[in-house]
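Written out below as structure tokens is the structure these notes cover.
In this note's numbering, the protein residues as written are 28 to 128.
Next comes the structure, spelled out in structure tokens:
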């Protein structure tokens, strides 16, 4: 059976991919247009990308925290974290779709 941490890793990985697409598009737009709005979107995406990379690191690679997340975090806490990661994934998917269109 797939654990909550595995689902969180998948959601965070999807967020990282979606944010990479947004960073690429908004980076190209800022390079061409040089507007504050585009810069704001780019900075937002960069910070959110960093947050997701750090979360994936803590869930997967950090020797202390990854073991703690895998064994000691109760299911209700994981369900709450999964809800947040899932909402973020849906929001980023819609934002990527709108931006790419």
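C-beta: ideal position from N, C-alpha, C; glycine also.
Because the structure is a prediction, the values reported are computed rather than measured.
Cβ-based neighbour list, residue i, same chain, cut-off 6 angstroms, excluding 5 preceding and 5 following
| i | result |
| --- | --- |
| residue 48 | 123 |
| residue 28 | Bear in mind that a pLDDT of 40 at residue 28, under 50, signals an unreliable position, so the number given afterwards is only what the model happens to contain. Around residue 28: no qualifying Cβ. |
| residue 41 | 116 |
Sequence-distant residues of its chain with Cβ nearer than 8 angstroms to residue i (five each side left out)
| i | result |
| --- | --- |
| residue 114 | none |
| residue 131 | Lying before the first or after the last residue shown, residue 131 is absent from the chain, which here runs from 28 to 128. |
| residue 80 | 43 |
Whole-number beta carbon distance between residue j and residue i, since they are thought to touch under 8 angstroms
| i | j | result |
| --- | --- | --- |
| residue 96 | residue 86 | 6 angstroms |
| residue 66 | residue 57 | 5 angstroms |
Beta-carbon contacts of residue i that lie in its chain and below 7 angstroms, excluding the five residues immediately before and after
| i | result |
| --- | --- |
| residue 34 | 109 |
Margin query: Threshold first: 4 residues or longer. Then list the alpha helix (DSSP H) segments lying entirely within the region 58-104, N to C.
Written below: Positions of the alpha helix (DSSP H) runs, each at least 4 residues long and wholly inside the region 58-104, are given as 63-87 and 90-98 in order along the chain.
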